[in-house]
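Undergrad:
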Amino acid sequence: MSWFKRSAQKHIPQTADDRMRNELLGGDANAQQDDQSSVYGQRPPSYTTVDDGNDTARNELFSGAPSSARNYGGGINQSAYEGIDEEGEGGGVANEEEEVEAIKQQTRYVKEDSKDSTRNALRIARETEENATTTMMKLGDQSERIADTERHLDLAKAHSNRAEDKAKELKKLNRSIFRPVITWKTDRRRQEIQQKIEDRHETEREEREKAHADVFASRKRVDEAIDPRKGALRGFGALGRKAPQASSSVERSKYQFEATASDDEIEDEIDSNLDEISQAVGNLKRFAIASGEEVETQNTRLDDIHNKAGRLDDKIFRNTEKLKKIK
1 MSWFKRSAQK HIPQTADDRM RNELLGGDAN AQQDDQSSVY GQRPPSYTTV
51 DDGNDTARNE LFSGAPSSAR NYGGGINQSA YEGIDEEGEG GGVANEEEEV
101 EAIKQQTRYV KEDSKDSTRN ALRIARETEE NATTTMMKLG DQSERIADTE
151 RHLDLAKAHS NRAEDKAKEL KKLNRSIFRP VITWKTDRRR QEIQQKIEDR
201 HETEREEREK AHADVFASRK RVDEAIDPRK GALRGFGALG RKAPQASSSV
251 ERSKYQFEAT ASDDEIEDEI DSNLDEISQA VGNLKRFAIA SGEEVETQNT
301 RLDDIHNKAG RLDDKIFRNT EKLKKIK
């Protein structure tokens with residue numbers, strides 16, 4: 001029964017549309033289907049290990065690459081992490097070096113500022129010391145003027161005493177001729193007058209000596225304050241202050257990262273400025289003590305002058321009134 005055998009070819013008649021599409025595409029659709037079926041028919045089954053040549057080409061391509069470059073097993077690539085760790089350590093070291101360099105630069109700036117500050121402080125201390133020296137010299141001149149004033153007051157007092165004696169004598173001589181002067185105990189009276197004159201002279205000499213002593217003490221005080229080599233003032237002069245000592249290298253190394261020549265120059269200048277500032281402060285302290293004592297002494301002398309001037313004014317007023325009564 002051959003008429004029931006299935007034919008290998010398709011006998012479906014083509015329509016007009018199929019013929020037009022085949023002409024446009026350049027082939028027969030049935031032929032294309034046969035070619036596709038032949039291709040698919042030659043495809044090996046899925047999940048097979050048939051070598052089609054791709055693996056061989058891939059192996060030849062990557063034959064020069066290191067074995068650790070790729071990890072096909074999906075595990076952790078230790079060499080990659082080692083590279084990352086090395087890069088991280090290198091970055092940390094670089095950051096630490098930058099921080100150290102920044103600290104060095106900041107320390108250098110601080111030292112420069114400290115040097116400038118010590119220069120300014122030393123300049124101000126020297127100017128203040130010059131002003132203090134000028135003040136002490138003016139106080140010395142003022143002490144001499146006070147002594148001159150006191151000496152003139154003493155002379156005025158002596159002249160006033162003599163004027164008082166002459167006024168008494170004039171009063172006696174101006175008496176009436178009908179009232180003769182009768183003196184009893186002439187020798188005793190003469191001795192009293194002589195003793196009074198001697199006492200007055202002794203008092204005037206003591207006052208002059210006291211004025212000279214005050215001037216000498218004031219001049220000595222001023223000289224010791226200006227030049228401490230002439231004598232220490234209660235231990236606050238050059239003998240009462242320890243000499244500045246240079247800082248040791250151990251102490252200096254605490255504040256140095258790199259002991260370069262420029263850094264040593266800065267440290268030396270700072271130490272020198274600090275030593276000079278210390279000396280200037282000691283001198284200013286000596287000036288302050290000396291000027292305080294000088295002002296206090298001059299105030300006492302001015303009080304004495306005020307009292308002397310008051311007593312002299314009273315005596316001159318009494319003598320003037322006595323002379324007015326003499327006719």
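So the sequence shown is residues 1 to 327, counted in the UniProt record's numbering.
C-beta atoms are modelled at their ideal positions from N, C-alpha and C, and glycine is treated no differently.
Note that the coordinates shown come from a computational prediction; the quantities given were computed from them, not determined experimentally.
Buried or exposed, going by whether 16 or more other CB atoms sit within 10 Å of the CB of M136?
TA: What you label residue 136 is simply residue 136 of the sequence shown in a count that begins at 1. M136 should be labelled buried.
Undergrad: Taking the alpha-carbon positions, what's the E130 to L284 distance?
TA: The count along the sequence shown starts at 1 and reaches residue 130 at position 130. The count along the sequence shown starts at 1 and reaches residue 284 at position 284. Between E130 and L284, the C-alpha separation is close to 10 angstroms.
Undergrad: On the three-state DSSP scale, how would you describe D304?
TA: On the sequence shown, position 304 is the one that residue 304 refers to. If DSSP states are grouped into helix, strand and coil, D304 belongs with the helices.
Undergrad: Buried or exposed: where does K157 fall if 16 or more other Cβ atoms within 10 Å of its Cβ makes it buried?
TA: Working through the sequence shown from its first residue, we reach residue 157 at position 157. K157 should be labelled buried.
Undergrad: Output the boundary residues of the alpha helix (DSSP H) element that contains S218.
TA: Position 218 of the sequence shown, counted from the start, is the residue given in the question as residue 218. S218 -> alpha helix (DSSP H) spans T186 to I226.
Undergrad: Does DSSP put I326 in a helix, a strand or coil?
TA: As a first step, residue 326 must be located in the sequence shown, where it is residue number 326. Residue state, collapsed to three classes: coil.
Undergrad: Of the residues A225, E99, R108 and E97, which one's Cα is nearest the Cα of S262?
TA: By 1-based counting over the sequence shown, the position of residue 262 is 262. Per the Cα distances, R108.
Undergrad: Identify, in the order they occur along the chain, each residue of the same chain with its Cβ nearer than 7 angstroms to the Cβ of I270, setting aside the five sequence neighbours on each side.
TA: Here the question's residue 270 lines up with position 270 in the sequence shown. Contacts found: S114, K115 and T118.
Undergrad: Inspect the beta-carbon positions of D154 and R208 and report whether they are closer than 8 angstroms.
TA: Position 154 of the sequence shown holds residue 154. Position 208 of the sequence shown holds residue 208. Yes, the Cβ-Cβ distance between D154 and R208 is below 8 angstroms.
Undergrad: E293: which of I316, A167, L312 and A217 sits nearest, CA to CA?
TA: On the sequence shown, residue 293 is found 293 positions in, with the first residue counted as 1. When each option's Cα is compared against that of E293, the closest is A217.
Undergrad: Alpha carbon to alpha carbon, how far is E169 from R311?
TA: Numbered from 1 along the sequence shown, position 169 holds the residue referred to as residue 169. Numbered from 1 along the sequence shown, position 311 holds the residue referred to as residue 311. Counting only the Cα atoms, R311 lies some 22 angstroms from E169.
Undergrad: Excluding the 5 residues flanking E276 on each side, which residues of the same chain have their C-beta closer than 6 angstroms to its C-beta?
TA: Numbered from 1 along the sequence shown, position 276 holds the residue referred to as residue 276. Only L122 meet the Cβ criterion.
Undergrad: Is the beta carbon of L302 closer than 8 angstroms to that of I193?
TA: By 1-based counting over the sequence shown, the position of residue 193 is 193. By 1-based counting over the sequence shown, the position of residue 302 is 302. Cβ distance not < 8 angstroms, so I193 and L302 don't count as in contact.
Undergrad: Under a three-way DSSP split, which group does N283 fall into?
TA: Counting from 1 along the sequence shown, the entry for residue 283 is found at position 283. Reduced to three states, the DSSP call for N283 is helix.
Undergrad: Report back the beta-carbon spacing between L139 and V215 to the nearest angstrom; my notes put them in contact at under 8 angstroms.
TA: By one-based count along the sequence shown, residue 139 stands at place 139. By one-based count along the sequence shown, residue 215 stands at place 215. Going by Cβ atoms, the distance from L139 to V215 rounds to 12 angstroms, so no, they are not a contact pair.
Undergrad: Output the distance between the C-alpha atoms of K322 and K220, rounded to the nearest integer angstrom.
TA: On the sequence shown, residue 322 is found 322 positions in, with the first residue counted as 1. On the sequence shown, residue 220 is found 220 positions in, with the first residue counted as 1. Whole-angstrom Cα-Cα distance: 46 angstroms.
Undergrad: Give me the Cα-Cα distance between R151 and I326, rounded to the nearest whole angstrom.
TA: Counted from its first residue, the sequence shown places residue 151 at position 151. Counted from its first residue, the sequence shown places residue 326 at position 326. Roughly 31 angstroms separates the two Cα atoms.
Undergrad: Does DSSP classify F236 as helix, strand or coil?
TA: What you label residue 236 is simply residue 236 of the sequence shown in a count that begins at 1. The predicted position of F236 is uncertain, since its pLDDT is 38 and thus under 50; no value can be drawn from it.
Undergrad: List the whole-angstrom C-beta distance separating A290 from A225, where the pair is believed to meet the contact cut-off of C-beta under 8 angstroms.
TA: In the sequence shown, counting from the first residue as 1, residue 290 sits at position 290. In the sequence shown, counting from the first residue as 1, residue 225 sits at position 225. With 8 angstroms as the limit, A290 and A225 qualify as a contact, their Cβ atoms being about 4 angstroms apart.
Undergrad: For D314, which residues in the same chain have their Cβ closer than 8 angstroms to its Cβ, ignoring the five residues on either side in sequence?
TA: Translated into positions along the sequence shown, residue 314 becomes position 314. Cβ contact annotation for D314 (same chain, cutoff 8 angstroms, sequence separation greater than five): none.
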